[in-house]
Structures are given as C-alpha cells and as structure tokens.
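Position 98, counted from 1, in the sequence shown is what UniProt numbering calls 98; the numbers after and before it change by one each time, with no gaps. Heads up, the thing below is written out as structure tokens.
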Amino acid sequence: MGLNAHQFLLARWGSQRDLSLLTSISYIGFPLGVMMAHPLVSSLCLHGPWGGWPSVFYLMGTAGGLWTIVSAFLLHNSPAAHPLISKEEIKYFQHYGTKINISGTSFKKSAWLKLVRSGPVWALVGTSALGSFGYFAFTLHQPLFLRDVFGFSIQENGIMSSLPWSLEVPVSVATGVVVDMLRRRAMPLTTIKRVFNTAGFLLAGLTPLVVVEVGCGWRWVAAAFLLVVVVGNCTAFVGGYYYTPVDLAPPWAATLAGVSSTFIGLNGLVAPIAVAHLTPTGSREEWRQVFWVSGVLYLAGAIVFLIWGSAKPLPWINKYSPNAEGTDRPDVQEPPFQMQALAQRAVVDRRDIGTATEEVSVEVEKQEENQEENKERRQEKNHMEEAGETRKRKKPLNEEEEEQEEEEERQKEKQEEK
1 MGLNAHQFLL ARWGSQRDLS LLTSISYIGF PLGVMMAHPL VSSLCLHGPW GGWPSVFYLM
61 GTAGGLWTIV SAFLLHNSPA AHPLISKEEI KYFQHYGTKI NISGTSFKKS AWLKLVRSGP
121 VWALVGTSAL GSFGYFAFTL HQPLFLRDVF GFSIQENGIM SSLPWSLEVP VSVATGVVVD
181 MLRRRAMPLT TIKRVFNTAG FLLAGLTPLV VVEVGCGWRW VAAAFLLVVV VGNCTAFVGG
241 YYYTPVDLAP PWAATLAGVS STFIGLNGLV APIAVAHLTP TGSREEWRQV FWVSGVLYLA
301 GAIVFLIWGS AKPLPWINKY SPNAEGTDRP DVQEPPFQMQ ALAQRAVVDR RDIGTATEEV
361 SVEVEKQEEN QEENKERRQE KNHMEEAGET RKRKKPLNEE EEEQEEEEER QKEKQEEK
C-alpha cells in the first residue's frame, strides 16, 4: 500500500524535468530501513527483551505505527495543497508541472476496458510477475544462503545482509540522475527504461549463479559480490519497469501500481514456499537450483519488457481521465493542473485538485466582473461630476445675460422717453 501511495504522490508532485531523481530520492528510505533493520534484528534476537525475537515485531510495529501518524500530518496530495510551499517552488511547478489532467477520483468503465486491452500495461504486469520472484528469493533468503553455503554466524549474517542494501542508496540516486540526464538529451524514455530494466535484470539474475560457485575460503568475497544483485534490482526497480505507471497513466498511477503489486505480492508468497521446497537440507546444489529458477525468470522478464514495455503516455489518457472533457486527440492536453491554484494560493489542505482549480477559476471570474462593475461605476460618477461642474459654470453666464438684457431694456426705455 505504501509503494502504491508513493506512485500516487509522484504523479502529482513529480515534474517533467526531474521525475526520476525525485523517484530515486523518495525511494531510498526503503533500502535505508532494511539496512538498519538487519543488524538490529540480529542483535534483538540474541539479546532483546520478551524472549528475543518477539521484540523485533514489537519494535518494528511500533515504529511503523508512529510513522503512520506523523505522515498523516506531513504528506499532502499535491503542491497546491501544501501550506508551506515557497514562491520559487510555485514557479517551478507552474513551468515543469504535469500537463495531463489528473484530477478527480472516479474511474470510468471504459477506461478499465482500455487498460485491459493495453499492451504496455500487460508488459508491466508480466515483468512484475517474472522479475519479483528472484527479488524475493534473494531478499528474504540471503541470510539463510550465507549460513547454509558459507557458514556465517547470526552476527556476521546481520552485518553482511545489511551491506548490500547500503549500496542501494547511492545506486538509486545515481540511476535517477542518469535517467533524467538522458531524457534532457532527447533520448526516448521508453528506450531508457528498457535499457535499465534489461541491464538490471541480467545483473540480478546472473550474479547469484556466479556466487554459488565460490568456495568457502572466499566467503567474504562472495558476500561482497552479492552487492551486484542489489545494484541490478535497484537499477531495474528505479530506472526500469516499476515506476512506469507514473509515465503510462498519471491519473491512475496508483491503480496500475496496485495491479502490478498484486502479482509482486503473490511472488512474496510463492517464493518462500518454492525456496523451502527446493532447499530441504540447504546444500550448495539445492541453492544452485533456486538461483537457476530465479535467473530464468529474470531473463524472461527482461525479454518481455524489452519487446513490449513502454513509458509513453497512453494515447487515450486525456479522453478517459477523470473529469476530462472528452477530447480524443492525444495531443490535446489539460494545462498544468496546479497552476491556477498555486498562483492564487487559495487551496485548502487536502482539497481535491480539480475542485480547487475550478473554485479558483470562479473566484478569478468574479474578481474580473467586480473590477468591470467598479470601472463602470467610476465612469458614471465622473460623468455626473462633469455634468454638475458644467451646470455650475452655466449658471453665472445666465445671470450675466439677464443683466445685459435688463440694461438693454433700460436703454430702450430711455431712448423712447427722449
């Protein structure tokens, strides 16, 4: 659920200029948590309260619950809804913000039909299903593998299991930087995603097959070489298939992520069962079988995304986007969704983006109408003042004319008397 919500926020907070960098930076919390958890868990299992291992669940559950409460106050649906956004950030989002209408909450039936018939969507689902088996087989069972094949103790296992995740942080950020750099150099995003996904899957699939052949005398070298597996998974995850819902259909990025995550979650259930079935005694030969299975699935996932995967926005995305006005032209796009709201700074926290922008537009129209009415009133007032001044000027002139007429009459009377 957290990763799906992550894609929801990326679709609204991401910019066209550095979406991949934002993705990688916001993602690194995941490997950081795993990196800190491994040595902590091993220490709690040996010396923790409540019998050792139960303290792991109490501590992790409490930390997750506290973070849920904190995030409810820190997270906002969009830049327009954030109360502390700066003027520089407003200008940035106005210039680089998404151009696709992502407002609204409804999901039309016709859009579902389009998604079901979309090749890139099925490529995303297939890649997720094929690639995630090897991910869970390695992530969940790395300590068991190091113990069974190389004889690592619990404390050594905690350190070595956290070491690969420490490399995922710089690799994730570097992947985001490189992807955005290639995008700015006019390289198609679909090509970038295919290259990163293929390279990542091949590294993650082939490395365990090499490590399982290393002798016990080189166990520290073998454990260090497992870093390449994490590099491959991270490269494919951040720069490849996983975040393509944000590119394919921003209005429904969380929905597509939920669909792909369903198959990923199924592998989270299937992989432990399969590994337990294939490694009853934990021998090197049994682990070799596990890595061969995951390697073949990695290769299949790389081929699927290389052929059918895409990061190009679906051509009908505006036509079926929530609250869209029915245009069927792919080149007709809505203006940046938060531009008016950011400019007016009149959006209440947690308000729907579409509703907020409509309200701001109405307010702008009302202000323009009021300005026109005030202008007309000022003009009428000026006309009335000018007319009053004219009447005041004419009054003395009329009195002078009357005096002249009276004078002329008196002169006429005098002449008549003479």
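Idealized CB from N, CA, C, for every residue including glycine. Model, not experiment: these values are computed from the prediction.
In the displayed model, K193 falls within a helix according to three-state DSSP. Boundaries cannot be given for P251, as no alpha helix (DSSP H) includes it and DSSP labels it neither H nor E.
Residues E286, Q289, V290 of the same chain have their beta carbon placed closer than 7 Å to that of L278, with the five preceding and five following residues left out of the count.
A straight-line Cα-Cα distance of about 10 Å links G14 and F8. In the DSSP assignment, Y135 falls within the unbroken alpha helix (DSSP H) covering 119 to 139. By alpha-carbon distance to F30, the top candidate from L182, V41, K87, S172 is S172.
Look at S161 here: in three-state DSSP terms it is helix.
CA-CA distance, I264 to S128, rounds to 6 Å. G151 and L206 have their C-alpha atoms some 22 Å from each other. A Cβ-Cβ distance of about 7 Å is found for the pair G232 and F201, placing them in contact under the 8 Å criterion. For S55, the closest C-alpha among the options A37, A257, I69 is that of A37. Judged by DSSP secondary structure, E286 falls within the alpha helix (DSSP H) whose first and last residues are 284 to 308. The count of Cβ pairs closer than 8 Å, one atom from the segment 296 to 306 and one from the segment 162 to 171, stays below three, leaving the stretches out of contact.
Within the same chain, I264, N267 come within 6 Å of S132 by CB-CB distance, once the 5 residues on both sides are set aside. Remark: C-beta atoms of W316 and K114 approach each other more closely than 7 Å. Rounded to whole angstroms, W122 and P245 show a C-alpha spacing of 12 Å. In this structure R194 is not in contact with G119, their Cβ atoms being roughly 14 Å apart against a cut-off of 8 Å. In its chain, beyond the 5 residues on either side, V214 have a beta carbon closer than 7 Å to the beta carbon of V221. Linking H141 to R183 through their CA atoms gives a straight-line distance of about 36 Å. Judged by DSSP in its simplified three-state form, Y243 adopts coil rather than helix or strand.
Sequence-distant partners of L21 (beyond 5 residues in either direction) whose C-beta falls short of 7 Å from its own C-beta, in its chain, are G176, V177, D180. The straight-line gap separating the alpha-carbon atoms of K375 and H383 is approximately 12 Å.
Here I273 is exposed: its Cβ has fewer than 16 other Cβ atoms, across all protein chains shown, within 10 Å. By the 16-neighbour rule on beta-carbons within 10 angstroms, W252 is buried. Cβ atoms of G52 and L46 come within 8 Å of each other, at about 7 Å. Closest option to Y92, judged by alpha-carbon separation, among L74, F73, T23, Q16: Q16. In the DSSP assignment, W220 falls within the alpha helix (DSSP H) that extends over 219 to 225. By the beta-carbon neighbour count (other beta carbons within 10 angstroms, threshold 16), H76 is buried.
Excluding residues up to 5 positions away in sequence, V304 lie with their Cβ nearer than 6 Å to the Cβ of G126 in the same chain. Secondary structure note for H76: it is in no alpha helix (DSSP H), with a DSSP letter that is neither H nor E. The Cβ-Cβ distance between L203 and V228 falls below 7 Å. For V214, no alpha helix (DSSP H) run applies, since DSSP gives it neither H nor E.
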